[in-house]
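> Okay, here's the structure, questions in a sec.
There are 2 protein chains.
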Amino acid sequence: MKEIISSSSNPQYKLAFKISQTKRERTKQGLALLDGVHLVRAWLDAGREIETVLFTEAGAEKSEIEHLLQQIQAKTLCISEALFSTLSELPSATGLLAIVKIPTPPAAKVDGFCLLLDGVQDPGNVGAILRTAFAAGVQQVWLSAQCADIWSPKVLRAGMGAQVVLPCIENADLVSLAQSFKGQVVASLLDEAASDLYQTDLRGDIAFVMGSEGQGVSPEMAAMAKTKVLIPMQAGIESLNVGHASAIALYEVMRQNR
Amino acid sequence: MKEIISSSSNPQYKLAFKISQTKRERTKQGLALLDGVHLVRAWLDAGREIETVLFTEAGAEKSEIEHLLQQIQAKTLCISEALFSTLSELPSATGLLAIVKIPTPPAAKVDGFCLLLDGVQDPGNVGAILRTAFAAGVQQVWLSAQCADIWSPKVLRAGMGAQVVLPCIENADLVSLAQSFKGQVVASLLDEAASDLYQTDLRGDIAFVMGSEGQGVSPEMAAMAKTKVLIPMQAGIESLNVGHASAIALYEVMRQNR
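In order, the protein sequences belong to chains A and B. Under our numbering, think of the first position of the first sequence as 1, with each following residue one higher. Under our numbering, think of the first position of the second sequence as 1, with each following residue one higher.
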């Protein structure tokens with residue numbers, strides 16, 4: 001019979017709690033917390049290692065978690081439902097959490113299909129954008145320091161693990177990365193002078209810039225972008241949700257490059 | 001000096017509170033609550049009338065609200081900040097709320113560009129989809145009874161007033177509406193047997209079906225759709241956020257019909 005930890009002074013629990021709470025702690029420790037079978041499986045499928053697994057007794061009785069626990073080479077810790085609920089944002093407990101090392105960011109690509117997020121702050125938007133970007137064939141994502149932390153529980157949940165398979169560079173200096181990029185830098189702007197997305201040649205190496213929810217693309221990045229595009233919209237609407245706009249733009253790039 | 005209502009037993013306040021809370025009350029009263037200048041202005045711009053305006057003293061000092069209050073032919077009620085905060089979900093008080101009659105649903109279109117939402121439950125998704133649908137030229141939206149209530153505060157906020165300009169039929173019998181539709185009924189499915197979105201002819205009258213977050217399009221509606229399309233995705237990703245998928249699909253319909 002395995003011991004069930006119910007004390008909030010347990011060091012592994014304390015560590016998990018800290019990294020679930022703030023970006024500062026995640027950065028300091030270099031660790032993130034994955035919640036649920038889907039994310040943990042995506043992590044293992046990507047060939048990555050897990051530091052510590054935390055699960056509940058009820059969780060371990062689910063066959064998919066039992067099966068995963070047998071595969072994982074890591075410290076495992078059975079914790080009480082009460083402790084588990086303080087670590088999870090999900091309304092119904094998944095029963096499984098994993099502490100993992102945040103991957104080292106890749107070297108910046110200078111060609112191919114890159115996405116630049118310029119101050120996208122809403123965690124749900126950032127997560128869903130990563131998921132769509134991966135689906136559309138984006139090879140690398142650069143995020144400015146103002147963007148939501150991609151290793152936060154909310155972004156991990158909305159991204160459904162896209163973070164795990166899609167190389168991302170956080171706190172990126174978008175201007176200097178764009179300067180080094182050998183292909184076309186394109187920014188999506190709410191500007192009548194920009195060219196219609198569907199009448200713009202988006203073939204070949206491309207770095208696509210999407211701006212923040214309220215402000216759009218920053219003036220510095222707008223200046224960097226040789227090509228400015230506008231998603232056509234019916235009169236009477238001011239703008240689209242940034243996630244939806246990203247989906248439309250990235251899929252148009254994909255369509256033109258097939 | 002205008003009286004400031006601070007009692008929660010004020011009948012107008014009580015009505016506003018009830019309709020802010022549940023769909024049942026909104027349906028019973030036939031009323032919805034608009035929060036903030038943007039939504040109220042969109043409502044007036046559409047030529048619609050307001051039943052009652054509730055504002056705070058601080059709100060009335062903002063020039064755009066002061067200006068709006070002068071235009072509005074309706075009962076106005078100055079309420080305390082404390083009461084206002086119980087009526088608004090927004091973190092910082094907008095200072096302006098309007099009670100309005102929910103519009104009578106239009107007669108169902110049998111041609112043109114229609115969107116069918118089959119069980120989309122997340123309020124943020126439904127709101128953002130309405131906004132994108134309007135931008136893409138959708139002329140009418142049909143929502144099954146399982147969808148989020150489009151007159152709820154969350155959907156109104158995410159839709160940024162698209163509800164006001166885009167005719168919607170809630171609690172719709174999608175199967176019978178689709179049966180009466182004279183054009184192509186197309187459903188987006190996660191099915192390898194479906195045809196590639198970009199290799200499907202989407203020109204002409206079209207009723208496009210998007211399914212729920214977890215389950216996708218219902219079997220009944222999948223059976224109704226003569227054309228089934230799949231949004232192409234990079235291997236390794238299971239699905240897209242339903243809002244992003246809607247944006248991609250509706251804009252592809254728009255692109256082909258330009």
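Where a beta carbon is used, it is the ideal one built from N, C-alpha and C, also for glycine.
Pull the bridge partners of T76 (chain A) from the DSSP assignment, please.
In the DSSP output, where bridge partners are listed per residue, T76 (chain A) has A:V53.
> So, using beta-carbon positions, are F134 (chain B) and Q234 (chain A) closer together than 9 Å?
A contact, by the Cβ cut-off of 9 Å.
> How would you list, in chain order, the residues of chain B whose beta-carbon sits under 9 Å from the beta-carbon of F134 (chain A)?
Residues of chain B passing the Cβ test: M233, Q234, G236 and I237.
> With distance defined between alpha-carbon atoms, name the residue in B:L166, B:S144, B:A245 and B:S152 nearest to L190 (chain B).
Comparing Cα positions, the closest option is B:A245.
> Taking Cβ positions only, does N241 (chain A) come closer than 9 Å to chain D?
In the structure shown, chain D does not exist; the protein chains are A and B.
> Can you tell which of A:L39, A:E81, A:K18 and A:L15 has the C-alpha that lies nearest to the C-alpha of I4 (chain A)?
When only C-alpha atoms are compared, the closest one is A:E81.
> V165 (chain B) touches chain A at which residues, Cβ-Cβ below 7 Å?
Correct list: G236.
> Indicate whether A178 (chain B) and V253 (chain B) have their beta-carbon atoms separated by less than 9 Å.
No. Outside cutoff.
> Could you compute how far the alpha carbon of I79 (chain B) sits from the alpha carbon of L87 (chain B)?
I79 (chain B) and L87 (chain B): Cα-Cα distance of roughly 11 Å.
> Is the beta carbon of A148 (chain B) closer than 9 Å to that of M210 (chain B)?
No. Outside cutoff.
> Can you tell me whether DSSP reads L68 (chain B) as helix, strand or coil?
In this structure, L68 (chain B) counts as helix in the three-state DSSP scheme.
> Can a CB atom of chain A be found closer than 9 Å to the CB of E89 (chain B)?
No, its Cβ sits nowhere closer than 9 Å to a Cβ of chain A.
> Less than 9 Å separating the beta-carbons of V53 (chain B) and L15 (chain B)?
Going by C-beta atoms, V53 (chain B) is not nearer than 9 Å to L15 (chain B).
> Rounded to whole angstroms, what is the Cα-Cα separation between G36 (chain B) and K101 (chain A)?
When rounded, the distance between both Cα atoms is 43 Å.
> Starting from the C-beta of T94 (chain B), find all residues in its chain whose C-beta is less than 8 Å away, skip the five residues before and the five after it, and write them out in chain order.
Within the same chain, T94 (chain B) has close Cβ partners D35, G36, V37, G59 and S88.
> Rounded to whole angstroms, what's the CA-CA distance from K28 (chain A) to Y198 (chain A)? Just pull it up for me.
Spanning the two alpha carbons is a distance of roughly 44 Å.
> So if I threshold CB-CB distances at 9 Å, which residues from the segment 122-149 of chain A count as touching chain B?
Listed by position along the chain: G124, G127, A128, I129, R131, T132, F134, A135, A136, G137 and V138.
> With a threshold of 8 Å on Cβ separation, who are the neighbours of G159 (chain A) within its own chain once the five nearest residues in sequence on each side are excluded?
Taken in chain order, the residues that qualify are V126, G127, A128, L130, R131 and I150.
> Spell out whether any CB of chain A is found under 9 Å from the CB atom of A158 (chain B).
Yes - at least one Cβ of chain A is within 9 Å of the one on A158 (chain B).
> Would you kindly work out how many angstroms separate the C-alpha atoms of I169 (chain A) and L33 (chain B), rounded to a whole number?
Taking the straight line joining both Cα atoms gives about 42 Å.
> What are the complete beta strand (DSSP E) segments, minimum 3 residues, inside the segment 58-142 of chain A?
The qualifying runs are 75-78, 96-101 and 113-118.
> Please tell me whether E252 (chain B) has its Cβ less than 9 Å away from any Cβ of chain A.
It does; some Cβ of chain A falls within 9 Å.
> If we ignore side chains and look at the alpha-carbon of each, how far apart do E213 (chain A) and D118 (chain A) end up?
Taking the straight line from one Cα to the other gives about 10 Å.
> May I ask you to report which of helix, strand or coil DSSP gives V217 (chain B)?
If DSSP states are grouped into helix, strand and coil, V217 (chain B) belongs with coil.
> Where does Q146 (chain A) fall in DSSP's three states?
In this structure, Q146 (chain A) counts as coil in the three-state DSSP scheme.
> According to DSSP, is T27 (chain B) part of a helix, a strand, or is it coil?
Helix at T27 (chain B).
> Around the C-beta of P123 (chain A), are 16 or more other C-beta atoms found within 10 angstroms, so that it is buried, or is it exposed?
Buried: at least 16 other Cβ atoms inside 10 Å.
> Between which two residues does the beta strand (DSSP E) containing M254 (chain B) stretch?
First-last for M254 (chain B): V242 to N257, but that is the alpha helix (DSSP H), not the beta strand (DSSP E).
> Between the segment 5-29 of chain B and chain A, which residues of the former have a C-beta closer than 8 Å to a C-beta of the latter?
So nothing in the stretch comes that close.
> I'd like the list of long-range same chain contacts for L230 (chain B), defined as Cβ closer than 8 Å, with 5 residues on each side in sequence excluded.
Contacts found: S188, L189, L190, D191, E192, A194, S195, D196 and L197.
> So, at 6 Å on beta carbons, what are the nonlocal neighbours of G114 (chain A) in its own chain, with the 5 sequence-adjacent residues on each side left out?
For clarity, residue 114 (chain A) is Cys in the given sequence; the question names Gly instead. Q140 and A207.
> Report the partner residues of D35 (chain B) according to the DSSP bridge assignment.
Its beta-bridge partners are B:L97.
> Since I believe P103 (chain A) is in contact with S20 (chain A) (beta carbons under 8 Å), could you give me their beta-carbon distance rounded to a whole number of angstroms?
Not really, about 18 Å apart at Cβ, beyond 8 Å.
> Can you tell which of A:F17, A:S218, A:L174 and A:V186 has the C-alpha that lies nearest to the C-alpha of R203 (chain A)?
Closest option to R203 (chain A), Cα to Cα, is A:V186.
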